[in-house]
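Below you'll find the structure, written out as structure tokens, and then a few comments.
Number of protein chains: 2
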Amino acid sequence: MIANTPKPPYYAVIFSNYRTEVDEGYGDMADEMVRLAALQEGFLGHESVRDGLGITISYWENLDAIKKWKANTDHLIAQKYGREKWYSAYKTRIALVERDYGFEV
Amino acid sequence: MIANTPKPPYYAVIFSNYRTEVDEGYGDMADEMVRLAALQEGFLGHESVRDGLGITISYWENLDAIKKWKANTDHLIAQKYGREKWYSAYKTRIALVERDYGFEV
Numbered sequence: 001m002i003a004n005t006p007k008p009p010y011y012a013v014i015f016s017n018y019r020t021e022v023d024e025g026y027g028d029m030a031d032e033m034v035r036l037a038a039l040q041e042g043f044l045g046h047e048s049v050r051d052g053l054g055i056t057i058s059y060w061e062n063l064d065a066i067k068k069w070k071a072n073t074d075h076l077i078a079q080k081y082g083r084e085k086w087y088s089a090y091k092t093r094i095a096l097v098e099r100d101y102g103f104e105v
Numbered sequence: 001m002i003a004n005t006p007k008p009p010y011y012a013v014i015f016s017n018y019r020t021e022v023d024e025g026y027g028d029m030a031d032e033m034v035r036l037a038a039l040q041e042g043f044l045g046h047e048s049v050r051d052g053l054g055i056t057i058s059y060w061e062n063l064d065a066i067k068k069w070k071a072n073t074d075h076l077i078a079q080k081y082g083r084e085k086w087y088s089a090y091k092t093r094i095a096l097v098e099r100d101y102g103f104e105v
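Listed in order, the protein sequences are those of chains C and R.
Numbering-wise, the first sequence is residues 1 to 105 according to the UniProt record's numbering.
Numbering-wise, the second sequence is residues 1 to 105 according to the UniProt record's numbering.
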């Protein structure tokens, strides 16, 4: 689903990544991170897709909300496992959405 | 591929979309748009993935480069066909990347 975000400005965290071949709880942890992120104050929505390259974008009200989510204890554990076994490469970009537009049929 | 972008700040154009079932030249036009975008001054790279939801992100040096690409004649035609037949929904977000980090094994 395309995230139903409010009028800008708001923030996007763009997480571009490649997986290793290691599963070991990846699917469950990914689902749990989506569930927990959605409970955070300032969370606005997310979009996620993978076909080899994976792109997950979460949207946030402000930098403070992103900082708090990054420091969430369960999320810290997921980040550690991510670096150690689940991802072969990733890049995270923190970006201020200044403008948006679109359409739906 | 994860785009090999320079040190921030730079801009991201996040294009989240769903396709219709209409092909009619979509693949060729999409390839041609990537080729043309890469020739534009200020283009820094792009990432694209689809699995139902499609997310294409292009990275740019500044807003002026984005504005020029948006007004490119061939790109205007592609945008028109996109609204008329290829996409059932899309959202475009223009975002200033303030910070990035990552790793590669």
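We put the beta carbon where it would ideally sit given N, CA and C, even for glycine.
Bear in mind the structure is a predicted one, so any value in this text is a computation, not a measurement.
For this session: Return the residue from the list C:His-46, C:Ala-12, C:Glu-84 that minimises the CA-CA distance to Asn-4 of chain C.
Result: C:His-46
Exercise. For the candidate residues R:Lys-85, R:Phe-103, R:Ile-66, whose alpha-carbon lies nearest to that of Tyr-10 of chain R?
Worked result: R:Ile-66
Exercise. Can you tell me the Cα-Cα spacing of Arg-35 of chain C and Thr-73 of chain R, whole angstroms?
Worked result: 43 angstroms
Exercise. Could you give the distance in angstroms between the alpha-carbon of Gln-79 of chain C and the alpha-carbon of Glu-24 of chain R?
Worked result: 43 angstroms
Exercise. In its own chain, which residues sit with a C-beta less than 8 angstroms from the C-beta of Glu-98 of chain R, not counting the 5 before and 5 after it?
Worked result: Pro-8, Pro-9
For this session: Following the continuous alpha helix (DSSP H) through Trp-69 of chain C, name the residue where it begins and the one where it ends.
Result: 63-71
For this session: Mind listing the chain R neighbours of Ile-55 of chain C? Cutoff is C-beta to C-beta under 8 angstroms, in chain order.
Result: Glu-47, Val-49, Ile-55, Ile-57
Exercise. Where does Gly-54 of chain C fall in DSSP's three states?
Worked result: strand
For this session: Compare the C-beta of Ala-12 of chain C with all C-beta atoms of chain R and state if any pair is closer than 8 angstroms.
Result: yes
Problem set entry | Classification of Arg-83 of chain C by the beta-carbon crowding that lies within 10 angstroms, buried from 16 upward | exposed
Exercise. Thinking just about the alpha-carbon of each residue, which of R:Ala-95, R:Tyr-101, R:Glu-61 is nearest to the one in Phe-15 of chain R?
Worked result: R:Ala-95
Exercise. Thinking C-alpha only, which one of R:Tyr-90, R:Met-29, R:Asp-51 is nearest Asp-100 of chain C?
Worked result: R:Tyr-90
Exercise. Where do the N-terminal and C-terminal ends of the beta strand (DSSP E) with Val-13 of chain R fall, by residue?
Worked result: 10-19
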